[in-house]
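S.K.: Sharing a structure, written as structure tokens. Questions coming.
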């Protein structure tokens, strides 16, 4: 789910003025000033948790009760409060915890008005149209809020380096299509989707421009459509595996048919099954994005 701002309207990072002035934060639904570096933080978004972990922030006291991926499994422990689902926060638990800051984004962003009545709350949703810049913006914002500016700069530089390598190595990769499988159905993601960077930050060219991928299952397509488009590369996200955390091979089985088998991507062994948790569940985290970029880089290098 994308945020509602365009790249030119994206909020500026948090700013840390002189001592005593607090930390001013402009976010997707407004702005606020924190009196000091937060020491008790409740995070109602997995991508934000991903970034905080990469920054080395130790102020997190509460996380969603579900959806935390294996690479962040330490936050599943009883040492962290479980504060409800992304869509339905546990307001009583959050209020009792007396947090200094609550952070929402994407799937939890609609809870901001109610959470703001409990504690200072910011919305760090990312617009898929400018996904990479949005992730870097959040890294910078969180780095400033928690006094981790140097580490934030390192993470952003690492993202830039990875994408530069991907652009260089995929410059002549040809066309691509991003598919999402969901309960036996197939959809397509376009250049404004949660995987927009495959087209905007790499050398892959979309085979179709007219894509309505606003919904979690993408723009529904047929196997005939995939064959007619005939991409050089297929990048596949198994939504069911992302949500359940278990990859039973459903996406592979669904696409292994007489029509898809005729595509250039299949014939050239250029079908990449993306890690579904970073691709579908987390989307906008530092570690999530770098894992996916590394996976695509590895696939391109294998075909070089």
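In this note's numbering, the protein residues as written are 81 to 384. From the three backbone atoms N, C-alpha and C, an ideal C-beta is built for every residue, glycine too.
Cutting at 6 Å between CB atoms, please list the residues of its own chain near residue 360, excluding the five before and the five after it.
M.R.: So the qualifying residues of the chain are 317, 319, 322.
S.K.: Shortest alpha-carbon distance to residue 332 belongs to which of 326, 353, 343?
M.R.: Answer by Cα proximity: 353.
S.K.: Rounded to the nearest angstrom, what separates residue 164 and residue 374 at their Cα positions?
M.R.: Distance between the alpha carbons of residue 164 and residue 374 is about 32 Å.
S.K.: Quick one, are the C-beta atoms of residue 225 and residue 141 less than 9 Å apart?
M.R.: For residue 225 and residue 141, no; Cβs fall outside 9 Å.
S.K.: Per DSSP, what are the beta-bridge partners of residue 171 in this structure?
M.R.: DSSP, once it has assigned bridges, lists no residue as partnering residue 171.
S.K.: Taking three-plus beta-carbon pairs below 8 Å as touching, is the stretch 149-168 in contact with the stretch 183-200?
M.R.: Yes, since at least three Cβ pairs between the stretch 149-168 and the stretch 183-200 fall closer than 8 Å, the two stretches touch.
S.K.: Which class does residue 120 belong to by DSSP, given the choice of helix, strand or coil?
M.R.: If DSSP states are grouped into helix, strand and coil, residue 120 belongs with coil.
S.K.: Starting from residue 230, follow the alpha helix (DSSP H) in both directions and report where the run begins and ends.
M.R.: Counting along the chain, the alpha helix (DSSP H) containing residue 230 begins and ends at 229-249.
S.K.: For the alpha helix (DSSP H) containing residue 221, list its first residue and its last residue.
M.R.: It spans 211-225 - the alpha helix (DSSP H) in which residue 221 sits, taken as one unbroken run.
S.K.: Tell whether a beta-carbon distance below 9 Å holds between residue 127 and residue 365.
M.R.: Yes, these two residues count as a Cβ contact at 9 Å.
S.K.: Any idea if residue 271 is buried or exposed, counting beta-carbon neighbours within 10 angstroms, 16 or more meaning buried?
M.R.: Its Cβ being crowded by 16 or more others within 10 Å, residue 271 is buried.
S.K.: At 4 residues or longer, and completely inside the stretch 126-166: list those alpha helix (DSSP H) runs for me, N to C.
M.R.: Qualifying alpha helix (DSSP H) stretches, in chain order: 126-135.
S.K.: Tell me, please, whether the stretch 191-209 touches the stretch 332-342 by the rule of three or more beta-carbon pairs shorter than 8 Å.
M.R.: Touching, no.
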